[in-house]
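Note that the UniProt record's numbering has the sequence shown beginning at 1, numbered continuously upward. Ideal placement from N, C-alpha and C gives every residue a C-beta, glycine not left out. Structure, as structure tokens:
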Amino acid sequence: MSDLAIPTLQTEAKRERSAIGSLRLVRTACILVIALVIVSPLFMLLIASLKDDRFQILADMGSFRAFWVSNPTLSNFAEVSNFSGELAFGRYLLNSLVILGCTVGAGLIVNSMAGFVLAWGTLRGRALVLSLVIALYVIPQESIIMPLVIMVSRAGMTDTFAVQIVPWVASPLYIFLFYQFFAQLPKELFEAAEMDGASVFRIYRSIFLPLSLPALATVSILMGIESWNQYLWPILVTQTDYARPIAVAIATFFGQDSIYWDRAMAASVLMMIPILALYLAFQRWFVSSFIGSAVKG
């Protein structure tokens, strides 16, 4: 190699390193901008919840003062954490936690069983049943909500926890997610367990269910978010504070005459904590489930 070629190669290497460095800088800047856009409303919500003047919160909106509080206070959280009285927000929060836990727990059992039977059961016409399950997913929830209200009213289930849990335990989407996960597991696992004399339920409980942690985590998070954010259904089927969830409680701060921004902000922060904790508890399996689906796809 000639002496003239060496400086040329060094120059090209420097240009390549410079291009890679510029690309990384642009990528980092884009990630920071996206993160700022996502996090800034949450940060503004937290700051507003620490202000004790609801009129000042409204006045600060649209300026950088919305991201700063000079005299932070926890009085708003104290006012909305009561379990009795006009602002029995603690009661609503507890109601939502009960509904969330029961819906997710029962949903995991019912949907995973249905998905397993469709994937490995001996049910005749499994392909037809699976097609019907997928077809049910395209039906909007709002289109069946009024007939469902009439059904639960005649059954005497209104204004109870059960009416907010039972109708949403089984879901075509989650049944299909479990079916898709179980169907891609090796057939040898099922056949080996059968040869050892294990029943279908024993195979489901002892072998397939422990292997389905990513699917369980994904369904737990998606079902938890769906249950936690329910608003229209609780409004229609509850009349008292006995079983009303947290989403309905926040709506009470927005009246016709006045809007209690300070209490609504504090209540919104409290509303985020349980569902955020649910995500953090299952996020490792949740992410791995999406990564595995992308690789297999």
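Asked: Would the segment 207-218 and the segment 50-66 be scored as touching if the rule is three or more Cβ pairs under 8 Å?; Found: no
Asked: By Cβ distance, which residues of its chain are closer than 6 Å to L118, with the 5 residues on each side in sequence left out?; Found: R126, L130 and Y179
Asked: By Cβ distance, which residues of its chain are closer than 7 Å to A243, with the 5 residues on each side in sequence left out?; Found: N95, D159, T160, F161 and Q164
Asked: Excluding sequence positions up to five away, which residues of its chain have a Cβ less than 7 Å from the Cβ of S81?; Found: F89 and G90
Asked: Taking 9 Å as the threshold (C-beta atoms), are S153 and V39 in contact?; Found: no
Asked: Would you say the segment 218-234 touches the segment 94-109, given that touching needs at least three Cβ pairs under 8 Å?; Found: yes
Asked: In whole angstroms, what is the alpha-carbon distance linking T28 and S206?; Found: 45 Å
Asked: Helix, strand or coil for V219? Go by DSSP, reduced to three states.; Found: helix
Asked: With a threshold of 8 Å, are at least 3 pairs of Cβ atoms found where one atom belongs to the segment 256-275 and the other to the segment 145-152?; Found: no
Asked: If you follow the alpha helix (DSSP H) that G125 is in, where does it begin and where does it stop?; Found: Neither: G125 is in no alpha helix (DSSP H) and is coded neither H nor E.
Asked: On a CA-only basis, which of R284, M265 and M272 is nearest T73? Give me that one, please.; Found: M265
Asked: Name the two residues that bound the continuous alpha helix (DSSP H) containing A167.; Found: According to the sequence provided, residue 167 is Pro. The question's Ala does not apply to it. P167 -> no alpha helix (DSSP H), and no H or E assigned at all.
Asked: What is the residue span of the alpha helix (DSSP H) that R91 lies within?; Found: F89 to W120
Asked: Can you tell me whether DSSP reads F254 as helix, strand or coil?; Found: strand
Asked: Over the uninterrupted alpha helix (DSSP H) stretch that includes A192, give me the two end residues.; Found: K187 to M195
Asked: With a 10 Å radius around its C-beta and 16 neighbouring C-beta atoms as the bar for buried, classify L50 as buried or exposed.; Found: buried
Asked: If you check the beta carbons only, do V37 and T122 fall under 9 Å apart?; Found: no
Asked: Pull up the CB-CB distance for V169 and V110, whole angstroms please, since I reckon it's below 8 Å.; Found: 5 Å
Asked: Take the Cβ of D196 as the centre, count every other Cβ of all protein chains shown within 10 Å, and call the residue buried at 16 or more, exposed below.; Found: exposed
Asked: Exposed or buried, which one is M271 when buried takes at least 16 other CB atoms within 10 Å?; Found: buried
Asked: Per DSSP, what are the beta-bridge partners of I259 in this structure?; Found: F254
Asked: Determine whether the beta carbon atoms of I175 and F190 lie at a separation below 9 Å.; Found: no
Asked: In angstroms, rounded to a whole number, what distance separates the CA positions of G115 and L177?; Found: 8 Å
Asked: Indicate whether I134 and P172 have their beta-carbon atoms separated by less than 9 Å.; Found: yes
Asked: Would you say W120 and A183 are within 9 Å of each other, going by their C-beta atoms?; Found: yes
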